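Numbering (this note's numbering), first residue to last: 2 to 268. Quick reminder that beta carbons are idealized off the backbone N, C-alpha and C, glycines included. Computed from a predicted structure; not experimentally measured. Worksheet: the structure to be examined is printed underneath.
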């Protein structure tokens, strides 16, 4: 079979030559966590704002996800970051599958935690960002969308949908926590894939911050989670994921101080 019809063999042959390893080793293509381990922990770093540069998240991903499954040692996981990076740096596409309408891209943090889009871009010699696709198999009519399209759909149908957020807020304290969690997960897609349009954050600010009645409602229901909403919007701006007016940022700073005082019991 010609190499141009067998890209796994083509790239494995090139990797074997470049790395001085045999073809069987170079053909390794299935990687995950170490045995007994789960996730890249990128989600924890994003949720707790414990990172400075995106490269820190990418190194975390490469370190924790570079354990190889091999047929030579079935049932064991051996770390081989060199081969893992070699496989990723030729990727043109990244892909994930959605199989539940109840748990979508911003419902939980594990989707962006597993996304290598910016990792691949960093590893590629040309710096090209791979095209990221999501397969939506939540209905009988399965569809494949780009990651950005899916994030936009998630924002429109949930975070920014009055039927969704009013349903959440009917649950009071927990509803505000759910809202803040979804916003943090949205930021995760900015950090790992650059997949969030500016308008998503702008409309979030308009809906939950600019509306005085809404922001007071959120603050009264759950001041801790409202503080997280405010701090997340300030963070996405500070990290360059959201461009907005200085007046919007000033209001967010004032609200952060106000809710902080309320939590501390300062009148």
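Contact set for residue i: own chain, Cβ-Cβ below 6 Å, skip 5 residues either direction
i: residue 89; result: 121, 124
i: residue 16; result: 27, 87
i: residue 181; result: 226, 229, 230
Assumed close pair residue i, residue j - CB separation to whole angstroms, cut-off 8 Å
i: residue 107; j: residue 29; result: With 8 Å as the limit, residue 107 and residue 29 do not qualify as a contact, their Cβ atoms being about 32 Å apart.
i: residue 223; j: residue 174; result: 5 Å
i: residue 219; j: residue 237; result: Wrong, their Cβ atoms sit about 18 Å apart, outside the cutoff.
i: residue 233; j: residue 161; result: The pair is not a contact, with the Cβ atoms about 15 Å apart (cut-off 8 Å).
i: residue 260; j: residue 228; result: 5 Å
i: residue 159; j: residue 183; result: 7 Å
Sequence-distant residues of the same chain with beta carbon closer than 7 Å to residue i, five excluded per side
i: residue 271; result: There is simply no residue 271 to check, as the chain begins at 2 and stops at 268 in what is shown.
i: residue 225; result: 264
i: residue 100; result: 138, 139
i: residue 92; result: 121, 131
i: residue 192; result: 47, 55, 58
i: residue 128; result: 122
i: residue 51; result: none
i: residue 262; result: none
For residue i, the three-state DSSP class (helix, strand or coil)
i: residue 191; result: helix
i: residue 31; result: coil
i: residue 132; result: strand
i: residue 259; result: helix
i: residue 103; result: coil
i: residue 212; result: coil
i: residue 120; result: helix
i: residue 93; result: coil
i: residue 150; result: helix
i: residue 137; result: strand
i: residue 291; result: Lying before the first or after the last residue shown, residue 291 is absent from the chain, which here runs from 2 to 268.
i: residue 98; result: strand
i: residue 171; result: coil
i: residue 159; result: helix
When the options are compared against residue i, the one with the closest alpha-carbon
i: residue 243; options: 93, 144, 86, 202; result: 202
i: residue 154; options: 206, 33, 196; result: 196
i: residue 25; options: 163, 70, 60, 159; result: 70
i: residue 207; options: 110, 147, 249, 254; result: 249
i: residue 31; options: 103, 135, 79; result: 79
i: residue 82; options: 114, 113, 20; result: 20
i: residue 134; options: 150, 142, 141; result: 150
i: residue 95; options: 147, 60, 143, 126; result: 147
i: residue 66; options: 227, 52, 35; result: 35
i: residue 102; options: 210, 228, 136, 75; result: 136
i: residue 210; options: 85, 241, 172, 254; result: 254
i: residue 144; options: 179, 60, 97; result: 97
heavy atom of the ligand GTP below 7 Å from residue i C-beta
i: residue 55; result: No copy of the ligand GTP occurs in the structure displayed, which carries no ligand at all.
Run of the beta strand (DSSP E) containing residue i, from where it starts to where it stops
i: residue 146; result: 144-147
i: residue 6; result: Unbroken run through residue 6: none, as it is neither H nor E.
i: residue 79; result: 78-80
Residue range of the alpha helix (DSSP H) that includes residue i
i: residue 199; result: 199-206
i: residue 236; result: 224-239
Short CB-CB distance (under 8 Å) between residue i and chain C
i: residue 2; result: The structure shown contains no chain C; it holds only a single protein chain.
Own chain residues within Cβ distance below 8 Å of residue i, not counting five before or after
i: residue 14; result: 4, 24, 27
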